[in-house]
Structures are given as structure tokens and as C-alpha cells.
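Numbering (this note's numbering), first residue to last: 1 to 101.
Working notes, structure below.
Set out below in C-alpha cells:
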């Protein structure tokens, strides 16, 4: 059985979905889409209230022991432990539309 290639910009080898990794493992500057929240129901609800809901696009601005991400034009800081519970898929850059001649 062959191993699937890691998604670009993710640095983790074990994940519940082959196309995802925790937000804490994404490189700074990467845009991602939230796919799954793996936390208690109360914590998941609070994350959703902050705009961190499934299918939301966010950009990781800083990655260290904690992370800073941009959500709906607002910067939000999260602990590394909390970022571990937010599973994301990297977004691939959209091709530019051709310019009229």
C-alpha cells in the first residue's frame, strides 16, 4: 500500500483525513479552509462564534508556540494546543483570469 503525499504546507504525517492537517502545523503565510473542529462541544461552539467554523477560509499570519490567523479581516491569536484541534486543508492559489487584449 502506497502512502499518499502530504498536502502542501503541512508538516504532519498522521491525520484523520488525508487532505488535512492541524492549523498548528501550517506554515505562516498559508491560506487554508477549516474542515473539522476536534474539541469539546462547548469549545467548538465558541470557535464557531469567533468565526472559526467549518468551511471558513483563513490565513495563518504567524506560527510559533501560538498562532495568529486572519479570520473575516480580523486577526485572532490562538494557543498552539487550540490550533491543534482545528483541522484545515491548504488552499491552492487560483489561476489568474486572462486579461482582455
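Built from N, CA and C at the ideal position, the CB exists for glycine as well.
Note that this is a predicted model, so its numbers are computed, not measured.
- Assignment of beta-bridge partners to residue 31 by DSSP yields 59.
- Under a 10 Å Cβ-count criterion, residue 72 is classified as exposed, with fewer than 16 other Cβ atoms of the shown protein chains found around its own Cβ.
- Residue range 74 to 79 is occupied by the beta strand (DSSP E) that includes residue 77.
- Counting only residues of its own chain and dropping the five nearest sequence neighbours on each side, residue 31 has a CB closer than 7 Å to the CB of 57, 59 and 91.
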